[in-house]
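K.L.:
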Amino acid sequence: MDMVKPRLFDSYSGDHIAHVLDSLEQRIEAESHTAPGSEFHKGRLAAVVELRRILSEAHYRE
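Going by full-length UniProt numbering, the letters in the sequence shown line up with residues 1 to 62, in that order.
1) By the three-class DSSP mapping on this structure, what secondary structure does His33 have?
2) Quick check: the Cα distance between Thr34 and Ser13, rounded to an integer number of angstroms?
3) Considering just the uninterrupted stretch of the alpha helix (DSSP H) at Ala46, what are its terminal residues?
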């Protein structure tokens, strides 16, 4: 008998997380105009990208 793992996020939660990450990314990009090329802003954007990658791989609970 195959055990189906429960989803980590329901569609509402997944959409909310995506919206929060989109908003955060837009805010970081807007702030980066004050210091273009700043390593701090590049690091923040890289962190958002990494969060998206981790969450896209974490579809199901263990």
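The C-beta atom is built at its ideal place from N, Cα and C for all residues, glycine as well.
P.N.:
The structure says:
1) coil
2) 33 Å
3) 39-57
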